[in-house]
Structure formats: structure tokens, C-alpha cells
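> To convert, note that position 282 of the sequence shown is 660 in my numbering; the numbers rise steadily by one, no gaps.
Think of the CB as a built atom: it goes at the ideal place given N, C-alpha and C, for glycine as much as any other residue.
Handing you this structure, nothing more for now.
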Amino acid sequence: METETPEILLSRISEFIAQTMGWDYPPSRHADLRRGIAAAAKDLGFESAADCAHRCLAGALTRPQLDRLASHLTVGETYFFRENKAFENLAGDILPKLAARANRELRIWSAGCCTGEEPYSIAILLRELLPDWRQWKITILATDINQRFLRKAEAGLFGEWSFRSAPVWLKGRYFRVPSEGRFEILPEIAEMVRFAHLNLAVDDYSSVLNEFGPMDVIFCRNVLMYFQPSQSLKVVERLYRAQAEGGWLIVGASELSHNLFSPYFPVNLNGSFLYQKESNRPLATAPEAIPASVAPQFEESIYANIPSVVLAEAEPAPGDFAKIPEQIPSVPQNEPHESAALSIEARSFADQGNLTAALGCCDRWIAADKLNPASHYLRSVVLQEQGVMLEAVQSLRRALYLDPEHVLAHFAMGNLARGRNQFFESRRHLSNALRLLKTFSPQTVLPESDGVTAGRLAEIIGSLTEMEVEV
Ligand SMILES: C[S@@+](CC[C@H](N)C(=O)[O-])C[C@H]1O[C@@H](n2cnc3c(N)ncnc32)[C@H](O)[C@@H]1O
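Written out as C-alpha cells, the structure is:
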């Protein structure tokens with residue numbers, strides 16, 4: 379199948395996508411757009427990516443087909459208690475204020491909820507904080523444009539990767555373990571969350587307002603960062619209208635912008651900014667810009683002082699096959715096109731949650747391009763999702779053998795070792811990851827990461843290692 383889409387067609391389709399889904403695809407992101415359309419075309423059974431793009435522009439795609447196209451372009455990066463400061467602020471400041479009201483009603487909306495980790499984190503937090511929760515009328519609405527994400531969210535089944543920054547007690551208290559490495563949310567939490575399809579770019583949110591009433595707290599995190607500026611302004615206006623007086627809007631740390639959120643009043647809670655709807659308060663007192671101290675920063679690692687002898691215990695040197703399960707033969711490489719197509723296909727299956735097909739594709743990709751660390755890394759991600767941890771570790775070792783500087787592979791190795799209580803091993807990999815992350819600027823999106831920036835990964839490692847200290 380032809381995967382190339384001409385540049386002119388990409389520009390037209392990027393305009394269409396901005397109008398209908400809100401997302402910004404400037405020329406610098408055309409490679410991502412090209413990949414997404416190629417995967418959608420294959421998924422929808424079109425002859426070629428260009429064919430799919432033409433049909434889309436001609437208005438010939440059905441609603442479900444457009445949803446499928448959207449699902450190939452959305453970034454599904456999320457995890458439990460992501461950017462934990464937001465939850466701390468909810469627990470420490472916002473909820474006590476809302477709880478002081480007489481009506482015992484609470485409406486919280488996770489707009490752009492992805493696969494459910496965010497709204498379930500909110501539900502769990504409420505259960506932890508409100509001993510008399512049964513006496514409350516609690517609404518947790520969770521909406522997304524991507525139907526596949528919503529189905530996964532409703533199924534409530536998660537892999538290890540979703541817990542990469544979660545508090546240690548989370549799995550034990552709120553999940554069942556139907557099989558190794560799979561965690562199912564308890565029904566009593568699942569039933570607190572109501573999932574629904576909603577496109578923030580075109581819906582007017584009246585369905586939300588009519589059915590649930592104005593929202594006390596809206597989480598819209600790591601969603602608008604992908605939007606075209608004019609589209610995000612419109613979303614913010616609509617969110618503002620859907621918000622209760624005195625209600626709070628919580629956005630991602632990298633999305634703070636007093637211009638974009640100017641209808642709201644910015645409030646600094648414990649060093650992070652939130653936005654509050656207070657039409658009585660004069661907006662003129664709002665600060666002009668986000669102080670540098672709260673802008674996302676690349677923290678110094680708590681491992682900065684680990685003696686270099688520990689760091690020196692790095693991945694096996696080429697030729698040291700004892701530490702990798704099987705030798706990686708050096709073979710002539712197949713056609714790069716075949717390898718590229720297989721990589722797209724494998725990622726697309728993995729994104730759709732079709733793990734068996736994704737694994738099959740990874741294996742074919744590896745056969746076609748044995749020396750590519752990305753293929754081994756993706757295989758390890760799929761295996762982790764399937765709960766096949768030992769094999770996942772083997773794939774990670776291969777990835778690190780081929781690229782000892784593969785930061786995500788070090789991170790995953792550190793995380794998995796931590797899960798097995800191998801803290802020395804975990805520390806070694808996490809400190810390697812932090813060392814490598816320093817070579818990136820904090821805003822750089824890490825390759826093969828589904829949108830995680832270097833700064834964010836450093837933050838995650840920081841919080842993981844804090845938990846290790848607690849252990
Ligand atoms: C990177 S995830 C963030 C998930 C979660 N809020 C978090 O911070 O962990 C972005 C989510 O926004 C959703 N999204 C993007 N554009 C959207 C739109 N126009 N309408 C509704 N949801 C959208 C995506 O499908 C994806 O699930």
C-alpha cells in the first residue's frame with residue numbers, strides 16, 4: 379500500500395483537521411500527520427493514504443470513519459495521578475472549599491479523559507477524602523473524542539505502564555488482578571465515572587450543561603497543547619460557560635497561559651497555577667505572565683551524586699552476549715520501506731489495543747530490521763501491556779544493547795526492576811535515564827514516547843524515586 383501523501387494534500391488535510399478536531403499540524407508536524415493518515419487509510423481499507431485524504435476532503439467519510447481517523451491522530455499519553463500537584467491542590471484546597479458549601483453536590487469533568495486514568499484518579503481521591511461520600515451527589519464526567527480510548531476506559535483494565543507515577547498503595551486498594559500485570563478498577567470506583575463522547579472543537583457543551591449542570595472543577599490537561607491557537611481560545615470560552623461560578627479549571631503544567639485562559643482568574647496554589655471562574659473579581663489584578671518559578675522545569679536529579687562507579691555498571695558492551703538472552707545476529711538489512719511500514723503498522727495496532735497483532739508486527743519488523751532498537755523497544759511495550767514481564771525485559775535488554783543511550787528503555791527497565799523490588803538495578807537504570815535526559819531540552823518530545831517531553835519524564839523519575847525513599 380502506498381503510504382506517501384503529497385505535501386499539498388497534507389496542508390489541506392491539516393486545515394480540515396484544525397476545523398473539525400481542533401489540532402494544529404504545522405509543516406513541522408507533517409511527518410506525524412502523514413503517519414497517522416497512512417495508518418488510518420490502512421485501518422479503513424483505502425487503497426492509499428492519498429485516497430483516504432481525498433475522500434476525507436470531499437466529505438465522503440462517515441461519522442464512524444472520521445472517528446477512526448481521529449483515533450489515529452490522537453495522543454494517548456496518560457497515567458494515574460499524572461502531574462500529582464493538581465491532585466494535591468484538589469485534595470488540600472479546592473475540595474475543602476467546595477465541601478463547605480451546604481448542598482453536598484460535586485461536579486467534576488475530565489475533558490479529554492483518554493483511557494480513563496485521570497477520571498478514575500479523581501474518583502479514587504474523592505473516596506479517600508470523603509468518608510461520607512454516600513451522602514454526596516457526585517458527578518464525575520469523562521469525555522473524549524476518541525471512541526477507542528473511551529471503550530478502553532470503560533473496560534477499566536490497565537497495564538503496569540498506567541501506574542508509572544502512581545502512589546504505592548493504589549493498586550492494592552482499588553484494583554483487582556485478573557491476570558499477571560493486568561489491573562482492573564474496582565466496580566465501586568468504576569461506577570462513579572460517567573464516560574461520554576464529546577468533541578471539544580465542535581460541540582457547544584450544552585449537552586453537558588443540560589444533563590449535569592455547571593461544573594465545579596474541570597480538568598482539561600494536556601489536551602489544548604495540541605490545538606490550533608484560535609481553536610483553543612474557542613474551547614476555553616466554552617469551558618468557561620460550562621463552569622460554575624467560583625469553579626476551577628485545571629490545565630497541564632506545560633499549558634499555562636494567562637492569555638489563553640484570560641476569562642479566568644489565575645490563582646497560585648502551592649506553587650502551581652490554576653484558573654478560577656470569578657466574574658465578580660476584577661481581572662486587571664491578574665499577573666501578566668507565569669513566573670519563571672512555576673514554568674515547567676528540568677529538575678536536578680536526586681541521583682546527581684550517585685558515584686560514577688554505579689553508573690559505570692552500564693549495559694553490556696557490544697560482544698558481551700552473556701547479559702542478553704540471545705545474540706542479535708548481524709544481517710544485511712531489508713528494504714527500509716518495509717521496515718518503516720511495519721513500524722507504522724505495529725504502532726497502530728498497539729494504539730488500538732490489538733496487542734496480539736501488534737506483537738506479530740513487531741516480530742516481522744525485527745526480522746526485517748534486526749538492528750533497530752525501536753522495534754525491540756516497541757515489542758517490550760506491547761509485552762508489558764500483556765503482562766509478559768520477563769520477555770519484556772529481554773526485549774528491553776536488546777534495545778539497550780543496540781542503543782545503550784535509549785532513554786525510554788532505561789526508564790522502563792528501572793520501572794520494571796522497581797516492581798520486582800530490585801532497587802539497586804532500578805536506581806542504576808533510572809539514573810542512566812536522568813543522565814541521558816540532561817542532553818535534551820526539557821520541552822523536547824522524546825522519540826517513540828507518544829508525546830512525553832524530556833522534562834516530564836525527568837519529573838516522573840523524580841516522583842518515582844521519592845516513592846522509593848518512602849518504601
Ligand atoms: C494526552 S491525552 C491527555 C489525557 C489526560 N487529560 C491527561 O492529562 O493525562 C489528550 C486527550 O485529549 C483527547 N482529545 C484531543 N482532542 C480532543 C477533542 N477535540 N475533543 C475531545 N478530546 C480530545 C485525546 O483523544 C486524548 O485522549
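1) Secondary structure at Leu627, three-state DSSP: helix, strand or coil?
2) So, for Leu503: in the same chain, excluding its five sequence neighbours on each side, which residues have a beta-carbon less than 7 Å away from its beta-carbon?
3) In chain order, what residues of the same chain lie with their CB nearer than 8 Å to the CB of Glu455, ignoring the 5 residues before and after it?
4) When the Cα atoms are used, what is the spatial distance from Ser540 to Ser392?
5) Tell me which residues share the same chain as Ala670 and place their Cβ nearer than 7 Å to its Cβ, disregarding the 5 neighbours each side in the sequence.
6) Would you identify the three-state DSSP class for Asn462, choosing helix, strand or coil?
7) Which runs of the beta strand (DSSP E) spanning at least 3 residues fall entirely within the stretch 499 to 538, listed in chain order?
8) Hey, out of Pro644, Tyr583, Arg413 and Tyr498, whose CA is closest to Glu562's CA?
9) Given Glu385, which residues of its chain have a CB within under 6 Å of its CB, disregarding the five upstream and five downstream residues?
10) For Gln654, name the three-state secondary structure that DSSP assigns.
11) If Glu461 and Gly630 are in contact, beta carbons under 8 Å, what's the gap, nearest whole angstrom?
12) Mapping DSSP to helix, strand and coil, what is Phe590?
13) Is there a Cβ from chain D that is less than 8 Å from the Cβ of Gln762?
14) Which residues bound the beta strand (DSSP E) around Asn646?
15) Within 10 Å of its beta-carbon, does Leu720 have 16 or more other beta-carbons around it, so buried, or fewer, so exposed?
16) Which one of Phe536, Leu576, Glu566 and Asn577 has the shortest CA to CA distance from Ser339?
17) So, helix, strand or coil for Ala673, using DSSP?
18) For Ala544 versus Phe458, is the C-beta spacing smaller than 8 Å?
19) According to DSSP, simplified to helix, strand and coil, what is Asn683?
20) Please name the residue, chosen from Arg512, Lys463, Thr398 and Ala418, that lies closest to Glu851 on a Cα-to-Cα basis.
21) Could you tell me whether any non-hydrogen atom of ligand 1 is closer than 7 Å to the CB of Val555?
22) How long is the line joining the alpha carbons of Val785 and Phe590, rounded to whole angstroms?
23) Let me know if Leu768 comes out buried or exposed under the rule of 16 or more other beta-carbons within 10 Å of its beta-carbon.
24) Counting C-beta neighbours from all protein chains within 10 Å, is the total for Val595 16 or more, i.e. buried, or is it exposed?
25) What's the C-alpha gap between Leu451 and Gly414?
26) Tell me which same chain residues have a C-beta within less than 8 Å of the C-beta of Ile395, skipping the five on either side of it?
27) Please tell me whether, using a cut-off of 7 Å, the distance from the CB of Glu611 to the nearest non-hydrogen atom of ligand 1 is below it.
28) Does the beta-carbon of Arg599, which I'm using as the reference point, lie nearer than 7 Å to any heavy atom of ligand 1?
29) Would the stretch 628 to 642 count as touching the stretch 517 to 528 if we require 3 or more Cβ pairs under 8 Å?
30) In whole angstroms, what is the alpha-carbon distance linking Ser650 and Lys463?
31) Report the rounded CA-to-CA distance for Ser819 versus Arg834, giving the unit in angstroms.
32) Taking Cβ to Cβ, would you say Ala862 is nearer than 8 Å to Leu388?
33) So the candidates are Glu496, Asn481 and Glu506; which of them puts its Cα closest to the Cα of Arg551?
34) Confirm the yes/no value for this check: CB of Tyr618, any heavy atom of ligand 1, distance under 7 Å.
35) Taking a contact to mean a Cβ-Cβ separation below 8 Å, would you say Ala777 touches Tyr755 in this structure?
36) Which value, in whole angstroms, describes the spacing of the CA atoms of Glu328 and Gly423?
Reading from the atomic positions:
1) Translated into positions along the sequence shown, residue 627 becomes position 249. In the structure shown, Leu627 sits in a strand (DSSP, three-state: E or B).
2) Position 125 of the sequence shown, counted from the first residue, corresponds to residue 503. Excluding sequence neighbours, Leu503 sits near Phe465, Leu468 and Ala469.
3) Within the sequence shown, residue 455 is the residue found at index 77, counting from 1. Excluding residues within five positions, the ones whose Cβ falls inside 8 Å are Cys492, Asn600, Ser827, Asp828, Gly829 and Val830.
4) Locating residue 540 in the sequence shown gives position 162, where the first residue counts as 1. Locating residue 392 in the sequence shown gives position 14, where the first residue counts as 1. Approximately 30 Å, taken between the alpha carbons.
5) Here residue 670 refers to the residue found at position 292 of the sequence shown. For Ala670, the pLDDT reaches just 37, beneath the cut-off of 50, and the residue's location in the model is therefore unreliable, leaving the point undetermined.
6) Taking the sequence shown and counting its residues from 1, one reaches residue 462 at position 84. Coil.
7) 515 to 522 and 535 to 537
8) Working through the sequence shown from its first residue, we reach residue 562 at position 184. The shortest Cα separation from Glu562 among Pro644, Tyr583, Arg413 and Tyr498 belongs to Tyr498.
9) Residue 385 sits at position 7 when you count from the first residue of the sequence shown. Closer than 6 Å at the Cβ level, and outside the excluded window around Glu385, lies no residue.
10) Numbered from its first residue, the sequence shown carries residue 654 at position 276. Strand, per DSSP.
11) Within the sequence shown, the letter at position 83 stands for residue 461. Within the sequence shown, the letter at position 252 stands for residue 630. With 8 Å as the limit, Glu461 and Gly630 qualify as a contact, their Cβ atoms being about 7 Å apart.
12) Within the sequence shown, the letter at position 212 stands for residue 590. Here Phe590 sits in helix by DSSP.
13) Reference to chain D is not applicable here, since this structure consists of a single protein chain.
14) If you number the sequence shown from 1, residue 646 lands on position 268. For Asn646, the uninterrupted beta strand (DSSP E) segment begins and ends at Phe643 to Leu647.
15) Mapped onto the sequence shown, residue 720 falls at position 342. When all chains shown are included, Leu720 counts as buried.
16) Because the chain spans 379 through 849 in this model, residue 339 falls outside it and cannot be assessed.
17) Along the sequence shown, one-based indexing puts residue 673 at 295. Annotation note: pLDDT 33 at Ala673 (below 50); position unreliable, coordinate value reported separately. In the structure shown, Ala673 sits in coil (DSSP, three-state: anything other than H, G, I, E or B).
18) Counting from 1 along the sequence shown, the entry for residue 544 is found at position 166. Counting from 1 along the sequence shown, the entry for residue 458 is found at position 80. For Ala544 and Phe458, yes; Cβs fall inside 8 Å.
19) As a working note, residue 683 is residue 305 in the sequence shown. Note that Asn683 has pLDDT 25, beneath the 50 cutoff, so the model's placement of it is unreliable and the number below is only indicative. Reduced to three states, the DSSP call for Asn683 is coil.
20) Outside the modelled stretch of the chain, which goes from 379 to 849, sits residue 851, for which no answer is possible.
21) Here the question's residue 555 lines up with position 177 in the sequence shown. No, the Cβ of Val555 stays beyond 7 Å of every heavy atom of ligand 1.
22) As a working mapping, residue 785 is identified with position 407 in the sequence shown. As a working mapping, residue 590 is identified with position 212 in the sequence shown. Taking the straight line from one Cα to the other gives about 44 Å.
23) The residue labelled residue 768 in the question sits at position 390 within the sequence shown. Exposed, since its Cβ has fewer than 16 Cβ neighbours within 10 Å.
24) In the sequence shown, residue 595 corresponds to position 217, counting from 1. Buried, because 16 or more other Cβ atoms sit within 10 Å of the Cβ of Val595.
25) As a position in the sequence shown, residue 451 is number 73, starting the count at 1. As a position in the sequence shown, residue 414 is number 36, starting the count at 1. Cα-Cα distance, rounded: 5 Å.
26) Here the question's residue 395 lines up with position 17 in the sequence shown. If we look at Ile395 and ignore the five residues flanking it on each side, its Cβ neighbours are Trp401, Tyr403, Leu411 and Leu451.
27) On the sequence shown, position 233 is the one that residue 611 refers to. The amino acid at residue 611 is misidentified as Glu; the sequence shows Leu. No, ligand 1 has no heavy atom inside 7 Å of this Cβ.
28) Position 221 of the sequence shown, counting from 1, holds the residue named residue 599. Because some heavy atom of ligand 1 lies under 7 Å away, the Cβ of Arg599 counts as near it: yes.
29) By the criterion of at least three beta-carbon pairs nearer than 8 Å, the stretch 628 to 642 is not in contact with the stretch 517 to 528.
30) If you number the sequence shown from 1, residue 650 lands on position 272. If you number the sequence shown from 1, residue 463 lands on position 85. Taking the CA atoms as reference points, Ser650 sits about 7 Å from Lys463.
31) Locating residue 819 in the sequence shown gives position 441, counting from the first residue. Locating residue 834 in the sequence shown gives position 456, counting from the first residue. When the Cα atoms are used, Ser819 and Arg834 turn out to be separated by approximately 11 Å.
32) Since the first residue of the chain shown is 379 and the last is 849, residue 862 is not available in this structure.
33) As a working mapping, residue 551 is identified with position 173 in the sequence shown. Out of Glu496, Asn481 and Glu506, Glu506 has the C-alpha closest to the C-alpha of Arg551.
34) Here the question's residue 618 lines up with position 240 in the sequence shown. No - ligand 1 has no heavy atom lying nearer than 7 Å to the Cβ of Tyr618.
35) Taking the first residue of the sequence shown as 1, we reach residue 777 at position 399. Taking the first residue of the sequence shown as 1, we reach residue 755 at position 377. Result yes, Cβ atoms of Ala777 and Tyr755 sit closer than 8 Å.
36) Only positions 379 to 849 of the chain appear in this structure, which leaves residue 328 out of reach.
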